[in-house]
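J.: Please read through the structure below; I'll follow up with questions.
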Amino acid sequence: MVDKTYLLDTSAFITPYRFYYAFDLVPSYWRELLKVAECGKIIFLDLVKREIEQGEDSLRDWMGENGSKFTVCNHVTDEIVGKYQEVIRYIQSCGYYSQKALHAWSQGNIADPWLIATAAVKHYIIITAEVSAGTLSIKTPSKNAKIPDVARAFGVETNSLFGMMREIGIHI
């Protein structure tokens, strides 16, 4: 197993649950994920846990039964809050994003900027289903900030769920 720590976005749970690895069809995926989690290599923010717990589905139930096997990172520490403020200032001042994007990411309960702040401070790799918006332009600011694009500006590595599975060696 590689010596990396992965910080999972909410989409890294919801996307496999809904589209690839339903509990009844591919239970081995979820067992393998828990094995890696118990080794402390998969982390998620308390905000991510809250987002999952707000759903009314089997994923919420699964998280209720298994959430304690994961390391849950508190997003409110002095260092992370300071970095979060830098992330928000970047969205506001870099020119690539509209006021709509800034407003969306400025909501305190939105996990995306907190993920980037936490990963930057703790040197985690963010695992997300989001993909880069591609070429960003000051002439046409984007209405949606994407984790991979903003993370890149802070030197934070991102990867897909499949990329993490390959690196860790999850085989189902």
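Here the working numbering is used: the first residue of the sequence shown is 5, the next is one more, and so on.
Glycine is no exception: its CB is placed at the ideal position from the N, C-alpha and C atoms.
Remember, predicted model here, so these are calculated numbers, not experimental data.
In chain order, which beta strand (DSSP E) runs of at least 3 residues are fully inside the segment 82-166?
T.: Listed in chain order, they are 129-131.
J.: Report yes if the CB atom of V30 is closer than 7 Å to the CB atom of I176, and no otherwise.
T.: Position 26 of the sequence shown, counted from the start, is the residue given in the question as residue 30. Position 172 of the sequence shown, counted from the start, is the residue given in the question as residue 176. Closer than 7 Å, so yes.
J.: My output table needs one value for L29: the three-state DSSP class, helix, strand or coil.
T.: For the purposes of this step, residue 29 is identified with residue 25 of the sequence shown, where counting begins at 1. Of the three classes helix, strand and coil, the one that applies to L29 here is coil, per DSSP.
J.: Name the DSSP beta bridge partners of F48, please?
T.: As a working note, residue 48 is residue 44 in the sequence shown. DSSP lists V76 as partners of F48.
J.: Can you list, in chain order, the residues of its chain whose CB lies under 7 Å from that of M168, leaving out five sequence neighbours each side?
T.: Taking the first residue of the sequence shown as 1, we reach residue 168 at position 164. Once the five neighbours on either side are set aside, the close Cβ partners of M168 are Y10, I131.
J.: Just to confirm before moving on: does the CB-CB distance between N180 and I129 stay below 7 Å?
T.: Past the boundaries of the shown model lies residue 180; the chain is included only from 5 to 176, so the question cannot be answered.
J.: Could you check if K87 is buried or exposed, using at least 16 other CB atoms within 10 Å of its CB as the buried criterion?
T.: Taking the sequence shown and counting its residues from 1, the one referred to as residue 87 is at position 83. Looking at its Cβ environment, which holds 16 or more other Cβ atoms inside 10 Å, K87 is buried.
J.: Flag this pair as yes or no: are the beta carbons of A121 and S15 separated by less than 7 Å?
T.: The sequence position of residue 121 within the sequence shown is 117, counting from 1. The sequence position of residue 15 within the sequence shown is 11, counting from 1. Not a contact, by the Cβ cut-off of 7 Å.
J.: So that I know if they touch, is there some Cβ in chain C lying closer than 7 Å to that of D65?
T.: Looking at the structure shown, chain C is missing, and only one protein chain is on hand.
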